[in-house]
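Shown next, in structure tokens, is the structure this report addresses.
Numbering (our numbering), first residue to last: 337 to 464.
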């Protein structure tokens with residue numbers, strides 16, 4: 337029984353040391369990575385070998401896609417004389433019908449969704 341307790345103690349002590357080392361290494365790695373510099377080790381193998389690598393700033397896809405508000409969509413549709421309802425921010429049946437009419441008039445896929453292609457043309461009618 338005593339022997340078993342000693343073995344457990346030694347095992348736990350060793351694990352604690354390993355965990356502390358891993359935490360310390362992780363903290364130093366986190367401080368080396370910033371939002372401006374993200375390296376994919378699979379694409380830049382020299383980074384995993386401790387060599388210096390230059391990288392471009394990371395840009396998320398979400399930051400490059402413009403997502404309009406329903407109010408903007410409704411206002412643009414109203415300015416295009418396709419929407420007669422209230423600018424209420426609700427994507428209801430009248431707004432969807434107006435989007436479909438706009439898509440049909442502009443040679444776009446008619447799906448009642450103001451996706452990127454539809455919004456690209458529709459935002460020309462948005463006067464702020």
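In this text, a Cβ means the ideal position worked out from N, Cα and C, and glycines have one as well. None of these values were measured; they are calculated from a predicted model.
query	result
Quick one: what does DSSP say residue 404 is sitting in, helix, strand or coil?	coil
Going by DSSP in three states, residue 337 sits in which element: helix, strand or coil?	coil
Taking buried to mean at least 16 other C-beta atoms within 10 Å of its own C-beta, is residue 438 buried or exposed?	buried
Considering only C-alpha positions, which residue in the set 424, 425, 340 and 453 is nearest to residue 436?	453
What is the DSSP secondary structure of residue 461, counted as helix, strand or coil?	helix
What would DSSP say about residue 418, mapped onto helix, strand or coil?	coil
Just curious, the alpha helix (DSSP H) that residue 435 is in, first and last residue?	429-441
Can you give me the Cβ contacts of residue 451 inside the same chain, cut-off strictly under 7 Å, excluding the 5 residues immediately before and after it?	none
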